[in-house]
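Per the working numbering, the very first residue in the sequence shown carries number 853; after that it's consecutive.
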Amino acid sequence: MTDGKHKQSAVWTFFWLTFSTAMLLKYGYAGWNYYPTIDDWIQYGLYRMYDDKYHEIFLHLTYHTRPLASLADLYVWGRFWPNLAFPLFVMTAMHTASCYLLYRVFRKLGLPFGILSAVLFGLLPVGSEATYWLSASTRLVVGMFFMLVSLVFLIEVLEKNRKAGYLIGFFLFQLLSFGFYEQIIALGAASSCLILLWKKRWIWLLLPISNVGLIAGYYVVCKAGGNVEERGQTVAAERFLNHAGGVFHQFYTIMIQVHGEFYSKGFVNSLRVLGERHSYFYVLAILFVSVGIGWLAYRLLWDAEQSGGRRAMQAGLGIILTVIPLAPFFVLNDTGLALRNVFPSFIGIVLLLEMAFRLLLRRRAVYGAVTGLLVFVFLVIHVGEVTDYQKVSEADRQMVQHIVAAAEPTGKFRHSSPVYLFGAKEQLVPVSVSFLNHVRSSTANDWSLYGAIRAIEANRQYSSVTQVPEERVVPLSAVNVETGLLLGLEQNGIVTVLHHKEKTAGSYELLRPDGTYFGVYDTSHQVFTRQ
C-alpha cells in the first residue's frame, strides 16, 4: 500500500511538471508577448503618466471598488508598461499554482480531483478572457489565488489543529482576496463557511463573516464615488425571480453557445494559423504535452468507488459552487455576464465534470485518451486566442498612429478641442469569438479609444475623439460640425482630415483634402452616411 501511494505521488509530481509546461504553451505562441486591448490602454498605459497616482487616480477615480486591484494597477503591473509580458507570466504562474492549491483542497476534503480537473480548470478556452486579458486576470486570477491559499490554511488548521498562525493566515489571505473582485468575495466566503459548517466549527464562522463585514463596510463607505451608486443598485424584490432567470440564461449562453464557438470557429482558425505560419514544432510540442498528460491520466490510480449518496452530495456541492459566484449578478440591477465572469464558477464546474466523466468513462484507458485529446484541442484553440489579441492590439496601434498623423498638423488635437472620427468601426479586425468585451478593438467605445490614443502616443494632452459610425445615431449640432476637427476613416484604415460644406439646411457634405466626397452628415437625423 505504501509503495503504491509512493508511486502515485511520483506520477502526480511528474504531472504537475508536465501541466506547467502546458500552461506555458497556452499563451506562449506569440513569444510570451502581451498585447493590450481596451481597458489595458487606460489602466496600464495612461495611468502611469500621472505624477501623483495615489491622489489623481486612486483617490479620485478607482478606490471605490476592488481597492487592492486598483492599487496593484498603479504600483505593480503598470510599472512594466509597455512590456507587459512579465505580468502575463505572473498571472499564468498564479493560475497554475491555483490548480495545485485546488487539488490540495479537494484531496483533503475527499472530493474527486483527477488530472482532467486540472486540465479543465487551467485550460478551458472559455476562461481565456479571465486569464489572458490583464484588466481581468489581475482581478480574477490574483483573487482566486489568494482565496485558495486561504482555504489551504483553513484545511491545515482543521487537519493538524494548528490554530493560531494558520487561522491568522486564513483570515488575512481571505481578506486580501476580497479586495480584488466581488465574485471572489462570494466564492471565498461561501467555500470557507461550507467547510466550517461541515467540520462543525461554529465559532470559527466568525472569521469569514468578519471579512465579509469588513469589505462590505468598505463598499458602503466608498459608495458615494465612481460608478458604484449607479451600478450598485439592487434588484427590486418583485423582479428578483425574472432577473435571476435572466442571469442563468446569460450563463447558459456563455457556457453552451459562446463556448461552442471556441471549437467550431476558434479551433479551425487556430489550425489555419498554425498551418499558414508553418508552426510545426509548436504543434509537436502541443502533441507531446497532450500525449504525456493523457498517459499520466491513465497511469494514476482511481479513487475508491463512491456511493450514490456521496455522488449526490458532490453534485449538490458542485452546483452550489457554480451558482454562488453569480450572486452579485443576482442582486445587482444593471449588470450582465461577460466571459470573464464564468471563471469563478470553474471550481463548481470542474467538480461536476470530473464526476460526470468518471461515470461515463469507466475505463482508465478511455479516460486518459479523452484527457489527452482535450489538452490538445484546448492548447490549439489558445493559439488562435493569442493571435486574435495580437491582431486587435496591433490594429489599435495602427489606427491611433493614423489619427495622430492626420490630426497633429492641424494644431487642434489638444486638450478639449472637439474631434470627430467619421466612418469609425466598432471592430477593426475580425476575431474567432466575439462576445461583449472579448478581444475588442479600442474603437468599441469612445473612452477606450481615448485611452489608446494617449497611452500609445504617451501624451495626456491629446483630445478625446467622438466616433461617428455609419448609419448610427450620433448627436452632433451644426456648431459641432462647423467648429470641430473632422476626421474620416477610409476603408483601407487611413485617416484623413475632412472639410465640411453645407449642402442643405442641417445637411453637411464631408470632403477630403482633394475635394472628393467622403460622406454626408445630417444633423436633423443625426446620422452619417458614407458616399
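C-beta: ideal position from N, C-alpha, C; glycine also.
Since we're looking at a predicted model, the values are computed, not measured.
**OP:** Tell me, please, whether the stretch 968 to 978 touches the stretch 1184 to 1201 by the rule of three or more beta-carbon pairs shorter than 8 Å.
**Re:** yes
Original post:
Is Ala921 closer than 7 Å to Phe1032 when the C-beta atoms are compared?
Top reply: yes
Original post:
On the three-state DSSP scale, how would you describe Glu1361?
Top reply: strand
Original post:
In chain order, which alpha helix (DSSP H) runs of at least 4 residues are fully inside the stretch 1173 to 1224?
Top reply: 1179 to 1183 and 1198 to 1212
Subject >> Cβ-based burial, His907 [other Cβ within 10 Å; buried from 16] >> reply: exposed
Original post:
For Asp1240, is the classification buried or exposed, using 16 other Cβ atoms within 10 angstroms of its Cβ as the cut-off for buried?
Top reply: Taking all protein chains shown into account, Asp1240 has 16 or more neighbouring C-beta atoms within 10 Å of its C-beta and is therefore buried.
**OP:** Give the straight-line distance between the Cα atoms of Arg1364 and Ser1316, rounded to the nearest whole angstrom.
**Re:** 22 Å
**OP:** Spatial neighbours of Val1372 within its chain, please: CB distance less than 8 Å, with the 5 preceding and 5 following residues excluded, ordered by chain position.
**Re:** Lys1355, Ser1359, Tyr1360, Glu1361, Leu1362, Phe1380, Thr1381 and Gln1383
Original post:
Leaving out five residues before and five after Phe1370 in sequence, what residues of the same chain have Cβ atoms less than 6 Å from its Cβ?
Top reply: Gly1340, Leu1350, Leu1362 and Arg1364
Original post:
How would you label Ser1245, buried or exposed, when you count the other beta carbons within 10 angstroms and need 16 or more for buried?
Top reply: With 16 or more Cβ atoms within 10 Å of its Cβ, Ser1245 is classed as buried.
Original post:
Relative to the C-alpha of His1290, which residue among Tyr886, Val957 and Trp985 is closest?
Top reply: Trp985
**OP:** Check whether the stretch 1088 to 1103 touches the stretch 943 to 957, taking contact to mean three or more Cβ pairs, one atom from each stretch, closer than 8 Å.
**Re:** Segments in contact, no.
Subject >> DSSP-derived helix/strand/coil call for Gln1242 >> reply: helix
Original post:
Looking at Leu972 and Leu1126, is the spacing between their C-beta atoms short of 7 Å?
Top reply: no
Subject >> Within 7 Å, strictly: CB atoms of Tyr902 and Gly930 >> reply: no
Original post:
Which of the three DSSP states, helix, strand or coil, is assigned to Met853?
Top reply: Confidence at Met853 is low in this model, with a pLDDT of 46, below 50, so its placement is unreliable and the value that follows should be read with caution. Of the three classes helix, strand and coil, the one that applies to Met853 here is coil, per DSSP.
Original post:
Going by DSSP, what residues sit across from Arg1382 in a beta bridge?
Top reply: Arg1382 is bridged by DSSP to Gly1371.
Original post:
Roughly how many angstroms lie between the CA atoms of Val1229 and Phe1119, to the nearest whole one?
Top reply: 7 Å
Original post:
From Ala1149, Leu923 and Thr1335, pick the residue whose C-alpha is nearest to that of Leu1213; which is it?
Top reply: Among Ala1149, Leu923 and Thr1335, the Cα nearest to that of Leu1213 is on Ala1149.
**OP:** Consult DSSP for Glu1322 and reduce its assignment to one of helix, strand or coil.
**Re:** Strand, per DSSP.
Subject >> Buried versus exposed, by CB contacts within 10 Å (16 or more), Ile1047 >> reply: Under this definition Ile1047 is a buried residue.
Subject >> Cβ neighbours of Lys1264 in the same chain (closer than 6 Å, five flanking residues each side left out) >> reply: Only Leu1337 meet the Cβ criterion.
Original post:
If we call anything under 7 Å between Cβ atoms a contact, is Trp933 one with Tyr879?
Top reply: no
Original post:
At which residue ranges does the stretch 1057 to 1113 contain complete alpha helix (DSSP H) runs of 4 or more residues, listed in the order of the chain?
Top reply: 1058 to 1073, 1080 to 1083 and 1092 to 1104
Original post:
Roughly how far, in whole angstroms, is the beta-carbon of Trp893 from the beta-carbon of Gly1200, given that I think they are within contact range, below 8 Å?
Top reply: Not confirmed; about 34 Å, so no contact.
Subject >> Span separating the alpha-carbon of Leu1049 from that of Leu1057 >> reply: Each residue's alpha carbon lies about 8 Å from the other.
Subject >> Contacts around Ser1300, its chain only, beta-carbon distance under 6 Å, and the 5 residues preceding and following it disregarded >> reply: Ile890 and Ser1294
Original post:
From Trp868, Leu877 and Thr870, pick the residue whose C-alpha is nearest to that of Val1235; which is it?
Top reply: Leu877
Original post:
Taking the alpha-carbon positions, what's the Ala882 to Val993 distance?
Top reply: 21 Å
Subject >> Inter-residue CB distance, Ile798 and Phe1030 (contact presumed, cutoff 8 Å) >> reply: Nothing can be reported for residue 798, as the shown portion of the chain is limited to 853 through 1383.
Subject >> For His845, three-class secondary structure by DSSP >> reply: As displayed, the chain neither begins before 853 nor continues past 1383, which places residue 845 out of reach and without an answer.
Original post:
Which residues share a DSSP beta bridge with Leu1337?
Top reply: Val1271
Original post:
Rounded to a whole number of angstroms, what is the C-alpha to C-alpha distance between Met853 and Ser861?
Top reply: No answer about Met853 holds up, because its pLDDT of 46 lies below 50 and its placement is not dependable.
Original post:
Taking C-alpha atoms, which residue in Ser989, Phe867 and Glu1278 lies nearest to Arg1324?
Top reply: Ranked by Cα distance from Arg1324, the options Ser989, Phe867 and Glu1278 are led by Glu1278.
Original post:
At a cut of 8 Å, does the stretch 947 to 966 reach the stretch 993 to 1005 through at least three beta carbon pairs?
Top reply: yes
Subject >> Run of the alpha helix (DSSP H) containing Asn1121, from where it starts to where it stops >> reply: Val1120 to Glu1128
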